[in-house]
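Worksheet: one structure, shown below.
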Amino acid sequence: MLGFSRTREWVYPQTIQGHYTTLRRWSFGLLHLILLVAPWITLNGNPLVQIDIPGRRVFLFGGIFTPYDTFFLVLFLLFLAFALFFFTALWGRVWCGYACPQTVFLETWIRPIELWIEGDRVRRKRRDAGGLTFDLVWRKLVKWGLFAAVSVFLAMAIVSLFAGARPLWTGRASGTAYAFVAVIALAWFWDFTWFREQFCNYLCPYARFQSALADRETLIVSYDEPRGEPREKGRNAARDGRCIDCNKCVIVCPQGIDIRDGFQLECIQCARCIDACASVMEPLGHETLVAYGSIAEAEGRHVRRIRPRTIVYAALLGSILLGGGVLLAGRVPFEASVNRTPGSLFQLDPDGYVRNTYLLEVTNKQAGTGAVPFEVEVEGVSGAIALSPPIMLGPSESTTTPLVVRVPSSEAGGRSLPIAVRVRSMGRDLLIQTTFLTDAALGGGDR
Numbered sequence: 086m087l088g089f090s091r092t093r094e095w096v097y098p099q100t101i102q103g104h105y106t107t108l109r110r111w112s113f114g115l116l117h118l119i120l121l122v123a124p125w126i127t128l129n130g131n132p133l134v135q136i137d138i139p140g141r142r143v144f145l146f147g148g149i150f151t152p153y154d155t156f157f158l159v160l161f162l163l164f165l166a167f168a169l170f171f172f173t174a175l176w177g178r179v180w181c182g183y184a185c186p187q188t189v190f191l192e193t194w195i196r197p198i199e200l201w202i203e204g205d206r207v208r209r210k211r212r213d214a215g216g217l218t219f220d221l222v223w224r225k226l227v228k229w230g231l232f233a234a235v236s237v238f239l240a241m242a243i244v245s246l247f248a249g250a251r252p253l254w255t256g257r258a259s260g261t262a263y264a265f266v267a268v269i270a271l272a273w274f275w276d277f278t279w280f281r282e283q284f285c286n287y288l289c290p291y292a293r294f295q296s297a298l299a300d301r302e303t304l305i306v307s308y309d310e311p312r313g314e315p316r317e318k319g320r321n322a323a324r325d326g327r328c329i330d331c332n333k334c335v336i337v338c339p340q341g342i343d344i345r346d347g348f349q350l351e352c353i354q355c356a357r358c359i360d361a362c363a364s365v366m367e368p369l370g371h372e373t374l375v376a377y378g379s380i381a382e383a384e385g386r387h388v389r390r391i392r393p394r395t396i397v398y399a400a401l402l403g404s405i406l407l408g409g410g411v412l413l414a415g416r417v418p419f420e421a422s423v424n425r426t427p428g429s430l431f432q433l434d435p436d437g438y439v440r441n442t443y444l445l446e447v448t449n450k451q452a453g454t455g456a457v458p459f460e461v462e463v464e465g466v467s468g469a470i471a472l473s474p475p476i477m478l479g480p481s482e483s484t485t486t487p488l489v490v491r492v493p494s495s496e497a498g499g500r501s502l503p504i505a506v507r508v509r510s511m512g513r514d515l516l517i518q519t520t521f522l523t524d525a526a527l528g529g530g531d532r
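Quick note: the sequence shown uses this note's numbering, first residue 86, plus one each step.
See below:
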């Protein structure tokens, strides 16, 4: 991290094993599985997960969402926000320690590479403090080369969610996609080689507003000060179950903080200090002095996991899920729009009808197989006729076709008439409101 001198103070966390370290590894493995495998899976011929920005589509678990479904995006973002509030109120910064990409990638890739190339904490510190030597240089170059490879690999995995895994990894994606790969890879490389824990300390906003989301009953990583103090090296402290001041909880911390100083902004609740303390105290026959707890527990008060704050968040989450489910069940599996043909107003046909020409755009959002027909009708004016070519669309296909609406002159009163175009397919229909211009729009004769 950056010290008071504005120089980089490197953190050398010691490797640690334990219950929470194992739990985090399972979490990291699952998240990597989702990131690396999901973009390759197809469902009904479409990607399982893909955000197709050029095509303005989102593929998600067999569904296709377009700009017409923006409301679902709003609901999704609201759900994520209140889920963050809910889990923070219950378990503090569990996201930071177990699921944040910064933590996941550092712990899965970067720290094992450093351990392999440069050795443990003591060797790295001694080598870095020894000045510029051949041994230092070749290890740094090899390490940075591996960091660069990991950065490109992770950037490719991330961009696969947008450009598609198969086109991207086979060289068939657009130049823009590979440009984003380069930018993201450079960002990760800079982060892995220099920035690291400073992201959590200075850039990430979550640490700042966590205090507004948590309360005295929120679960945090805390030090049992009444039992651990006064800390002392030697047999007496070990016999009494007090802190023996071994500093192991400090040297394993990836943020470089001392959890015994109380709750701190930099703590990401990774629980490495819990495993470290447990590895020292349990062989001595005592419980760990660092554990998941709350301020209320430290004060001897009863902790309510179900309390007004969590009830409100849970109710909001349930409402969003219920509302989204109802809207999703009633969602029309296609979309359509009607726009007047540029430069056209109306046309008088010899048979006494007034003609307007439109462009009908239809998109099939169904993720099934096979093409389906679409029917077009016009409503709102007696005797109106809709003329369009036959429309057959396969999954995620779209088309733009001319649509001619003819209205009897006897019904075409006024400058314009409100009409509705009904598009029907797959047992559902969509009603699109538009206007029909008559010859009165240009001062035509009375009817």
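Backbone N, C-alpha and C fix where the C-beta goes; we use that ideal spot for every residue, glycine too.
Query	Result
Which residue wins for smallest C-alpha separation from Arg-500, given the options Val-457, Asn-441 and Asn-449?	Asn-441
Which two residues bound the contiguous beta strand (DSSP E) that contains Arg-559?	An answer regarding residue 559 cannot be provided, because it is not within the stretch 86 to 532 covered by the chain.
How many Å lie between Thr-188 and Val-506 at the Cα?	53 Å
If you draw a straight line from the alpha carbon of Asp-360 to that of Val-335, how long is it in whole angstroms?	12 Å
Could you tell me the alpha carbon to alpha carbon distance between Phe-144 and Asn-129, rounded to whole angstroms?	11 Å
What does Pro-152 pair with, by DSSP beta-bridge criteria?	Pro-152 pairs with nothing; no bridge assigned.
Applying the 10 Å Cβ sphere with the 16-neighbour rule, what's the burial state of Glu-302?	buried
Determine, using beta carbons only, whether Arg-390 and Leu-169 come nearer to each other than 8 Å.	no
Could you give the distance in angstroms between the alpha-carbon of Trp-95 and the alpha-carbon of Arg-394?	39 Å
If Pro-152 and Arg-141 are in contact, beta carbons under 8 Å, what's the gap, nearest whole angstrom?	6 Å
Indicate whether Gly-182 and Ser-364 have their beta-carbon atoms separated by less than 8 Å.	no
Along the chain, which unbroken stretches of the alpha helix (DSSP H) at least 4 residues long are found entirely within the region 377-451?	380-383 and 393-414
Does Pro-98 pass the burial test, meaning 16 or more other C-beta atoms within 10 Å, or should it be called exposed?	buried
Going by CA-CA distance only, name the one from Arg-93, Leu-115, Phe-171 and Ile-342 that's closest to Ala-299.	Phe-171
By DSSP, does Ala-505 sit in helix, in strand, or in coil?	strand
Closer than 6 Å by C-beta to Phe-294: which residues in its own chain qualify, once you throw out the five before and the five after it? Chain order, please.	none
Within the same chain, show all residues whose beta-carbon is closer than 7 Å to that of Val-423, passing over the 5 residues directly before and after it, in chain order.	Tyr-443, Leu-445, Leu-488, Val-506, Ile-517 and Thr-519
Output yes or no for whether 8 Å exceeds the beta carbon distance between Ile-136 and Leu-246.	yes
Within 10 angstroms of its Cβ, does Phe-459 collect 16 or more other Cβ (buried), or is it exposed?	buried
Pull up the distance between the alpha-carbon of Asp-514 and that of Pro-124, whole angstroms please.	32 Å
Could you give the first and the last residue of the continuous alpha helix (DSSP H) run that contains Gln-71?	Residue 71 lies beyond the range of the chain shown here (86 to 532); nothing can be said about it.
Kindly give me the distance between the Cβ atoms of Ala-471 and Val-457, rounded to whole angstroms, as I take these residues to be in contact under 8 Å.	Contact doesn't hold; Cβ gap of about 19 Å is too wide.
Have a look at Val-492 and Tyr-438 and give me their C-alpha separation to the nearest angstrom.	5 Å
Strictly by DSSP, which residues pair up with Ser-483?	Thr-448
Which one of Leu-478, Gly-479, Glu-282 and Cys-362 has the shortest CA to CA distance from Tyr-105?	Cys-362
Enumerate, from N- to C-terminal direction, the unbroken alpha helix (DSSP H) stretches of 4 or more residues contained entirely within the region 195-247.	196-203 and 206-214
At which residues does the beta strand (DSSP E) containing Asp-137 begin and terminate?	134-137
Hey, is Thr-100 close to the ligand PLP, as in C-beta under 7 Å from one of its heavy atoms?	For the ligand PLP, the structure offers nothing, since it holds no ligand at all.
Should Asn-332 be labelled buried (16 or more other beta-carbon atoms within 10 Å of its own) or exposed?	exposed
Among all the DSSP beta bridges, which residues are the ones paired with Asp-346?	Note: Asp-346 sits in no beta bridge, so no partner.
Among Leu-231, Trp-229 and Phe-265, whose alpha-carbon lies nearest the alpha-carbon of Met-241?	Phe-265
Could you have a look at Phe-521 and say whether DSSP puts it in helix, strand or coil?	strand
Where does Ile-101 sit, in a helix, a strand or coil, going by DSSP?	coil
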